[in-house]
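Read in order, the letters of the sequence shown correspond to residues 431 to 823 in this note's numbering.
Quick reminder that beta carbons are idealized off the backbone N, C-alpha and C, glycines included.
It should be emphasised that the depicted structure is a prediction, and the values quoted were computed from it without experimental measurement.
Report on one structure; see the data block that follows.
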Amino acid sequence: MLEGVKILSFTHYLQGPSAVQTLADLGADVVKIEACKGAYERNWSGCNTYKNGMSMFYMLAGRNQRDMALDLKTKEGREIIYRLVKSYDVVIENFRPGVMDRLGLGYEKLKEVNPKLIFCSCTGYGSDGPKVKKPGQDLLVQSMSGLVNLTGNGAVSPSPAGTSIVDQHGAILAALGVLAALYDREKTGRGHKVDASLMAAALDLQIEAISYYLNGAEFTERPKTGLCTRFHGSPYGVYQTKDSYITLGVTSYENLEKIFTPGCIKSFTPEEQMTRRLEFDQVVCDEIKKKTTAEWIEIFDKLGIWYSTVNTYEEVFEDEQVIYNQCVMTMNHPVAGEVRVLNHPNHYDGKPAPLRRLPPLLGQHTREVLAEAGYSETEIEKLHENHIVVSAD
């Protein structure tokens, strides 16, 4: 779908690489530019998860790309980028603000080389402003944006999401911005500078809660019951059953009367599911504990009540819909061996995006990319000899 779009990726960690992989999955020709010693994500992995020495943190966002390793701090290294940029459509980077400028590779410089260039910066807080020097990390931005304070149970401390939701949402917003800029360029011939920040992504994730707050809503304290938000009526959250847990969505007063002990909610009105939400939810907690999860599932199914089981990862990936949707991809990597990762999330014409390239080794395509840029074999060898570039061989 994006065949013919050429992207240079100066990305590391998760937000940038995930944005780039999204575009690569859609057919863009992406060349990842790494330092000669390799990007951070090659040498770190959560839970120390490595397959034959290959980091899963790198493998999860490295597919469908080529790789070139070079020293950007040298004049010769920068000259390689200038030559490449002439024929590339997009540059995506997620260094701290100012780093690309100091390297001589910022937007103002590169658009002199290619006026039609789309330049996307993935940052913590934006490309300028009072916080640009602050570290932009998913967990820190969750906290700074109000997300951590919004979530959590009142019996414990405020709680962040247990995975990097801001990084991943920021990645998708960056990819969206690049696509919008490419579409506009087709009409106008103009290049663009796209800024995608984790702070904006974190706020965007809270669009519902923030919209209520900005227009006069007053949130109650974090609930100590099963409620999982500070703005829904009861029930809406995770509730302990007689033998495990179950998640309930918004449920009408009438249905609750049918499934609960007769008279247990008669002191409340339907409106008080919201206005007295914490008191009402305590009754919900007490009632849900009276039956097993299996018993509640049977009851909820009969009445069409919205619910879900609280699945472990083992249960998630045994789920028939997850399997049917081909949510997991298996890659057979020449070094790592068999690796299972999440597939591209969308289907197109009923099919997921294809796997075209395995996550590359450091510098695997250095020679190939240099040759495409017009470097002779002799010039390529000299660049290697002078330690300007590194190849996998």
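By DSSP, does residue i sit in helix, in strand, or in coil?
| i | result |
| --- | --- |
| Thr553 | strand |
| Lys371 | Since the displayed the chain opens at 431 and closes at 823, residue 371 lies outside it and no answer follows. |
| Arg532 | helix |
| Asn762 | strand |
| Val680 | coil |
| Ala499 | strand |
| Asp455 | helix |
| Glu651 | coil |
| Ala667 | According to the sequence provided, residue 667 is Gly. The question's Ala does not apply to it. Strand. |
| Ile511 | helix |
| Leu657 | strand |
| Ile548 | strand |
| Val450 | helix |
| Leu788 | coil |
| Leu772 | strand |
Look up residue i in the DSSP assignment and give the residues it is bridged to.
| i | result |
| --- | --- |
| Pro782 | His777 |
| Gly767 | His763 |
| Tyr480 | Ser485 |
| Lys505 | DSSP output for Lys505 lists no bridge partner at all. |
| His622 | Ile548 |
| Val562 | Paired residues: none, contrary to the question. |
I need the boundaries of the alpha helix (DSSP H) containing residue i, first residue and last residue.
| i | result |
| --- | --- |
| Thr808 | 807–815 |
| Met629 | 628–635 |
| His599 | 595–618 |
| Met574 | 568–574 |
| Val543 | 537–543 |
| Val799 | 796–802 |
| Leu580 | 577–580 |
The beta strand (DSSP E) that contains residue i, what's its start and end?
| i | result |
| --- | --- |
| Ser439 | 436–440 |
| Lys462 | 459–464 |
| Glu523 | 520–523 |
Touch test, the region 525–540 against the region 486–501, Cβ-Cβ under 8 Å, three pairs minimum: no
Ranges of the beta strand (DSSP E) found wholly within the region 690–752, counting only runs of at least 3: 737–739
Any 3 or more C-beta pairs closer than 8 Å across the region 646–660 and the region 593–604: no
Any 3 or more C-beta pairs closer than 8 Å across the region 739–756 and the region 670–685: yes
Inter-stretch contact (C-beta, 8 Å, three-pair minimum) for the region 698–714 and the region 765–782: no
Inter-stretch contact at 8 Å, needing at least 3 Cβ pairs: the region 814–822 / the region 498–511: yes
Contact between the region 568–578 and the region 632–647 (3+ Cβ pairs under 8 Å): yes
The region 561–569 / the region 530–549 touching (three or more Cβ pairs under 8 Å): no
Validate contact between the region 458–474 and the region 439–448 using beta carbons, cut 8 Å, 3 pairs: yes
The region 615–634 in contact with the region 682–700 per 3-pair CB rule at 8 Å: no
At least three beta-carbon pairs within less than 8 Å, the region 751–768 to the region 788–801: yes
The region 660–672 touching the region 715–730, judged by at least three CB pairs closer than 8 Å: yes
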